[in-house]
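The structure appears below as C-alpha cells.
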Ligand code: GLC
Ligand code: CA
C-alpha cells in the first residue's frame, strides 16, 4: 500500500511549510537562511514529510515578510545565493523530499526594476502599463481614484511624485503600499511570469504555491467605487463579477501556466491560495488550471465535531467533483497557531486568536494544556484524511503563538497600517527553538530577528526529540504510519455519538476522534497511534488510529 513516487506525488503529500527567515540560521546573522535548511535536511527526513514549501526567499525589503518581491529570479543575499538554492534542492531531493516555492504574482515590491522604471517614466508610458496607475479625482487629482481600502488597512491607492517633482498619478496596492499590483492585462507581465516559472522549474523545483491566486485580474470601472464596503470583504461574490477578486478571466492566466508545468516531466504542480466561495474553488484546482487549491475550512473552524465533519465531507465531495485531491491546513504563517487557538477560553477560531492578540496576548487567557491536547487530536485526525496535509514549521513541536512581542520589535505591515485594529502575524513567525538553551535556542549564533520568549526552550527540538510522548514524536510516528497507510480512496463514516468522529479508511485503518471533554467507549481494534494517553476508554479531546479487529 506504500505510495510510489510518481507524477501524482502531490495528491497525498504531507507538505511542510518553511518560513525561511525563521527556520534555521546557519551563518549566525539572526536571519534564517538556505544553509540552515540544508543543515536541517536530516531533521526533515526524520520528521517524514514528502515535500517542503518555502515561503518567499527572494530579494525583498521585507515590507511584508518577503511577499514584496524585488526580483523573482534571485535569492535574497541575506538568505543565500542561487548556488546555495541548487545545493538545497539537491540535498532535499537526495532525501526524497520535493520542493515547492512560493510565487507572488498579484504584486511585486516597489523596489522591483519594473516599478522603478514606472516611476521614472511619464504617465501613459509602457512602463506604467505594467502596473495599475490612474489619475486621482478632485480638482488637482488630490483624491484617490476610488475609495477602496487595502487588505492591511488604509487606502488601496498611493500617490506618486512625477519625475519632474510634481504630485502625480496614483497606483493600486491591494496589500501594503510597498506592494504595487501588477496589471495582468499586460502581456509583458504575463510573459515574465512564464519565464519565472520556467526559471525555477529548470532548477528542479517540483511545484509552486500561488499567492493570492484569486487576485491578478481586475475590473477598474470607477462605478464600483460605490461598492466600497463590500469590495475588500472576504465575502466573495459568487458569480465571478467581483471587480477585484476571483474573476473568471483569472483562469486564462492559469491555463497558460499549466502549459508550462506540463512541459516538464514529471509535470510541475501548483496549489492556489484562493480565498473564494467554496463552490468556486474547483476552478483553481482543475486539471487545466493550477491543479490544487487550499481550503482553509478546518483552519477557520473551532474545535467542534459537527463542524469538522461537515468540512471534511464537503471538501471530499468537492475533490471528487474536480478530480483534484483535497488539501488540509490547521496553521500557516498568517494565523494564530492552532495549539493556542484551541486553548483560548472564549472562542477557538482565528478571529478569536486575532482578538486575543489585540487584547494583549495574555497567556493567562489561554489554557495551554487543553490547547495542545486539542491541537494534537486535530492534527492526528487531519493526517488520517485523504488528500494532502500542509504543516507549518513549529506545529510539530506543539509550539504556541507568541502573544507578547514589544511593538518596537514587530515587523508585520498589518500592525503598522492598522493601529489598534490588527496586531499582525509576527507571533507565529518567531524563529524556531532547536535547543533548550543557548543563543536564540539554537536558531543561530547571534540572536533572532524576532524576540523569542523565555519558555521557548521547553518546546525545542532538543527537549522533544527523545521523548516518546512529545508532540514531535507524535508527528514523526503519525507521518511514518501515514506513509504506510495512506491511499487515494475516500473514507467511510461510521455511526458515532455527536462529539465523536469515527471513520474507516481502506485496509482496516480506522480513526476515532473524541472532540468532547468526557471519555467515550473505544471501538474494538489495536491502537496504532494515539494523540494522548489512552487507558481503556477513549479520553476526551483525543484521536486514535486503530487497526480494525481481524485485519
Ligand atoms: C498571502 C500571504 C500573506 C501575504 C499576502 C500578500 O495571503 O499568505 O502572508 O501578506 O498574501 O502577499
Ligand atoms: Ca543567516
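In our numbering, the protein residues as written are 156 to 706.
Where a beta carbon is used, it is the ideal one built from N, C-alpha and C, also for glycine.
Would you give the residue range spanned by the alpha helix (DSSP H) that residue 192 belongs to? In the chain shown, the residue the question calls residue 192 occupies position 37. Where residue 192 is concerned, the enclosing alpha helix (DSSP H) stretches over 189-194.
Sheet register partners of residue 660 (DSSP bridge): Walking along the chain shown from the start, residue 660 turns up at place 505. BP columns for residue 660 point to 664.
Which of the three DSSP states, helix, strand or coil, is assigned to residue 541? Taking the first residue of the chain shown as position 1, residue 541 is located at position 386. Residue state, collapsed to three classes: coil.
Ends of the alpha helix (DSSP H) at residue 701? Translated into positions along the chain shown, residue 701 becomes position 546. Where residue 701 is concerned, there is no enclosing alpha helix (DSSP H), although the beta strand (DSSP E) it sits in stretches over 697-702.
For residue 362, the three-state DSSP class (helix, strand or coil): As a position in the chain shown, residue 362 is number 207, starting the count at 1. Reduced to three states, the DSSP call for residue 362 is strand.
Just checking residue 212 against ligand 1 - is the residue's beta carbon closer than 7 Å to any of the ligand's heavy atoms? For the purposes of this step, residue 212 is identified with residue 57 of the chain shown, where counting begins at 1. Not so, every heavy atom of ligand 1 lies at least 7 Å from the Cβ.
State the CB to CB distance for the pair residue 214 and residue 229, rounded to an integer number of angstroms; the pair is presumed to be in contact (CB under 8 Å). Translated into positions along the chain shown, residue 214 becomes position 59. Translated into positions along the chain shown, residue 229 becomes position 74. Yes, they are in contact, since the Cβ atoms of residue 214 and residue 229 sit about 6 Å apart, within 8 Å.
Between residue 556 and chain D, is there a C-beta pair that is closer than 8 Å? No chain D appears in this structure, which consists of one protein chain only.
Should residue 288 be counted as a contact of ligand 1 given a C-beta to heavy atom distance under 7 Å? To locate residue 288, count along the chain shown from 1; it is residue 133. Because no heavy atom of ligand 1 lies under 7 Å away, the Cβ of residue 288 does not count as near it: no.
For the alpha helix (DSSP H) containing residue 313, name the first residue and the last one. In the chain shown, counting from the first residue as 1, residue 313 sits at position 158. No alpha helix (DSSP H) contains residue 313, which is instead part of the beta strand (DSSP E) from 312-316.
Identify, in the order they occur along the chain, each residue of the same chain with its Cβ nearer than 6 Å to the Cβ of residue 405, setting aside the five sequence neighbours on each side. Counting from one through the chain shown, the residue named residue 405 turns up at place 250. Hits under 6 Å: 371 and 372.
Take residue 179 as the anchor and find which of 379, 588 and 682 has the nearest alpha-carbon. On the chain shown, position 24 is the one that residue 179 refers to. The residue with the shortest Cα to Cα distance from residue 179 is 588.
By DSSP, does residue 620 sit in helix, in strand, or in coil? Here residue 620 is taken as the residue at index 465 of the chain shown, counted from 1. Three-state result, residue 620: coil.
Here's the rule I'm using: 16 or more other beta-carbon atoms within 10 Å means buried, otherwise exposed. How should residue 688 be labelled? Position 533 of the chain shown, counted from the first residue, corresponds to residue 688. Exposed is the call here.
In whole angstroms, what is the alpha-carbon distance linking residue 608 and residue 557? Here residue 608 is taken as the residue at index 453 of the chain shown, counted from 1. Here residue 557 is taken as the residue at index 402 of the chain shown, counted from 1. Roughly 7 Å separates the two Cα atoms.
Say yes only if the C-beta of residue 242 is nearer than 7 Å to one or more non-hydrogen atoms of ligand 2, and no if none qualify. The sequence position of residue 242 within the chain shown is 87, counting from 1. Outside the cutoff, so no.
Counted within 10 angstroms of its Cβ, other Cβ atoms place residue 278 as buried (16 or more) or exposed: Against the chain shown, residue 278 aligns to sequence position 123. Residue 278 is exposed by the Cβ-count criterion.
Relative to the C-alpha of residue 625, which residue among 527, 446 and 233 is closest? Residue mapping note: residue 625 aligns to position 470 of the chain shown, counting from 1. Looking at the Cα atoms, 527 is the closest of the given residues.
Between 603, 642, 654 and 665, which lies nearest to residue 648 when the distance is taken from Cα to Cα? To locate residue 648, count along the chain shown from 1; it is residue 493. It is 665.
Endpoints, the beta strand (DSSP E) within which residue 560 is located: Counting from 1 along the chain shown, the entry for residue 560 is found at position 405. Boundaries cannot be given for residue 560, as no beta strand (DSSP E) includes it and DSSP labels it neither H nor E.
Taking only the alpha-carbon atoms, compute the straight-line gap between residue 522 and residue 670 and give it to the nearest angstrom. The residue you call residue 522 lines up with position 367 of the chain shown. The residue you call residue 670 lines up with position 515 of the chain shown. Roughly 16 Å between the two C-alpha positions.
Based on Cα-Cα distance, which residue from 206, 319 and 186 lies nearest to residue 547? Taking the chain shown and counting its residues from 1, the one referred to as residue 547 is at position 392. Nearest C-alpha to residue 547: 206.
With H, G and I counted as helix, E and B as strand and the rest as coil, what does DSSP make of residue 292? Here residue 292 corresponds to residue number 137 of the chain shown, with the count starting at 1. Of the three classes helix, strand and coil, the one that applies to residue 292 here is strand, per DSSP.
For residue 208, which residues in the same chain have their Cβ closer than 6 Å to its Cβ, ignoring the five residues on either side in sequence? Position 53 of the chain shown, counting from 1, holds the residue named residue 208. Short of 6 Å from the beta carbon of residue 208, and not among the five residues preceding or following it, lie these beta carbons of its own chain, in chain order: 170, 172, 255 and 364.
Which residues mark the beginning and the end of the beta strand (DSSP E) in which residue 323 is found? As a first step, residue 323 is located in the chain shown; it is residue number 168 there, counting from the start. Looking at the DSSP string, the run of the beta strand (DSSP E) that includes residue 323 is 322-327.
C-alpha distance - residue 233 paired with residue 240, whole-angstrom precision: Walking along the chain shown from the start, residue 233 turns up at place 78. Walking along the chain shown from the start, residue 240 turns up at place 85. Computed Cα separation, rounded: 13 Å.
Could you please go through the chain and list the residues whose beta-carbon is closer than 5 Å to any non-hydrogen atom of ligand 2? 180, 182, 184, 186 and 188
Apart from the five residues on each side of it in sequence, which residues of its chain come closer than 8 Å, Cβ to Cβ, to residue 422? Within the chain shown, the letter at position 267 stands for residue 422. Cβ neighbours of residue 422 beyond the five flanking positions: 162 and 416.
Range of the contiguous beta strand (DSSP E) that encloses residue 258: Looking up residue 258 in the chain shown gives position 103. Where residue 258 is concerned, the enclosing beta strand (DSSP E) stretches over 253-258.
Just confirm the distance between the C-beta atoms of residue 368 and residue 429, as a whole number of angstroms; I'd bet it's less than 8 Å. Position 213 of the chain shown, counted from the first residue, corresponds to residue 368. Position 274 of the chain shown, counted from the first residue, corresponds to residue 429. That pair is a contact at about 5 Å.
Beta-carbon within less than 6 Å of residue 359's beta-carbon, same chain only, minus the 5 sequence neighbours each way: which residues are those? Here residue 359 refers to the residue found at position 204 when the chain shown is read from its first residue. Hits under 6 Å: 244.
Going by the C-beta, is residue 219 closer than 7 Å to any heavy atom of ligand 1? For the purposes of this step, residue 219 is taken as residue 64 along the chain shown, with counting starting at 1. Flag set: Cβ of residue 219 near ligand 1.
Taking residue 681 as part of the alpha helix (DSSP H), name the residues at either end of that continuous run. Mapped onto the chain shown, residue 681 falls at position 526. No alpha helix (DSSP H) holds residue 681; the beta strand (DSSP E) holding it covers 681-685.
Sequence-distant residues of its chain with Cβ nearer than 7 Å to residue 211 (five each side left out): Residue mapping note: residue 211 aligns to position 56 of the chain shown, counting from 1. So the qualifying residues of the chain are 221, 222, 224, 257 and 259.
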